[in-house]
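In terms of the numbering used here, the sequence shown opens at residue 12 and continues consecutively.
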Amino acid sequence: MSKNGLIGAVEAGGTKFVLALATHEGEILARTRMPTNTPVETWPAMRTFFDEASTKHGPIAAFGVASFGPIDIDSASNTYGMFTTTPKAGWSGARFHDALSAFGAPIKVDTDVNGAAIGEWMAGAGQGCRTLAYTTIGTGVGTGVVREGCSLMGISHFESGHIVPPRNPTRDPFVGICPYHGDCIEGLACGPAIERRWGRSLDQLGSDEVAIVADYIAHLASTLVLLHMPDRLIFGGGVMKAPGLIEAVRRATAAKLNGYVQHPRLDAGLESYIVTPGLGDDAGITGAIELGRQALASK
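Given below as structure tokens:
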């Protein structure tokens, strides 16, 4: 066992939770996954896993949580770790501390994309970067921005998926599915939006459809460049696995920037600047373990 204590890590997604108990050095001692049901079902199941894992391996010194949202990630807030305006039924008002405080260990809560960004910065495609932006395009759209391993935020976490891009109604008459904004990037380019618009996932569609989606993602990519000037952009999630999409995003982003940003990091064709994840499905849990380390360090 690590002399620094064990870390309980939670990657909470809209469809599944990944739980792990790890050493301070990151070796995973126990791991499981379970569906994201309601908190009434999920909280006891999560406690049971950590109870059994800590009985076998030792006491938990800290927890790191990388979660779907919207969720309060301001550690100075009275509602830190609580879901706010999430559209997922039953989760608004639920709080991670309600499930984990019985262990008597510090808890650090961040967003799932921030957790994935931290994981990629540490051990994936973001290694060697000072500032990194990680975006997932899947069931929803979100971006985490980290600087030297710490996630950035303002009064709340960033909500890049709800930026509204230009939409040509002749080229794309689809009005979007976002209940708040209609044709924001999430409303136009997430997996459910693509299915609603064309009846199939993007990997089953042609180059014209890929180009439409790529243009919306490129609007987000160019906005991230102009607002944060990151060393690299990582795009992950199920939608990004569609053949030809990452290449189309690079071309469209370069066209939108139009040579305005000049830096060695922005290589010709953006092939090393706009990339896919290096850790695959392990980015989130890797970041959650690091959040636990940060919680322990600030204890």
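For each residue, glycine too, the CB sits at the ideal point set by N, CA and C.
Go ahead and pull the three-state DSSP assignment for G295. G295 falls in the helix class under three-state DSSP.
As a quick exercise: from G295, N179, P55, L244, pick the residue whose alpha carbon is nearest that of G137. Of the candidates G295, N179, P55, L244, the residue whose Cα lies closest to the Cα of G137 is L244.
Using a Cβ-Cβ cutoff of less than 7 Å, which residues in the same chain neighbour S13 once the five nearest sequence positions on both sides are dropped? Residue confidence is low: S13 scores 49 on pLDDT, short of 50, so the model does not pin down where it sits. No coordinate-derived value is stated.
Find out if the Cβ-Cβ distance for the pair I118, F79 is shorter than 9 Å. Pairing I118 with F79 gives a Cβ-Cβ distance that is not under 9 Å.
Report all residues from its chain with a CB closer than 7 Å to the CB of G255; omit the five preceding and five following residues, and keep chain order. Closer than 7 Å at the Cβ level, and outside the excluded window around G255, lie S218, V221.
Would you mind reading off the limits of the beta strand (DSSP E) that contains S78? 71-78 is the span of the beta strand (DSSP E), which, as asked, contains S78.
Using beta-carbon positions only, say whether P288 and G126 come within less than 9 Å of one another. Cβ distance not < 9 Å, so P288 and G126 don't count as in contact.
Could you tell me the alpha carbon to alpha carbon distance between S212 and M251, rounded to whole angstroms? In this model, S212 and M251 are separated by some 11 Å (Cα to Cα).
Would you call Q215 buried or exposed, if buried means 16 or more other Cβ atoms sit within 10 Å of its Cβ? Result: exposed.
Grouping DSSP H, G and I as helix and E and B as strand, with all else coil, what is T66? In the three-state reduction of the DSSP assignment, T66 falls in the helix class.
Count the other CB atoms, across all protein chains shown, that sit within 10 Å of the CB of A200; report buried if there are 16 or more and exposed otherwise. Under this definition A200 is a buried residue.
Proximity below 9 Å, CB of L238 to CB of A20: Judged by their CB atoms, L238 and A20 are not nearer to each other than the 9 Å cut-off.
Are P203 and I188 touching if we call contact CB-CB under 9 Å? Yes, they are a contact pair.
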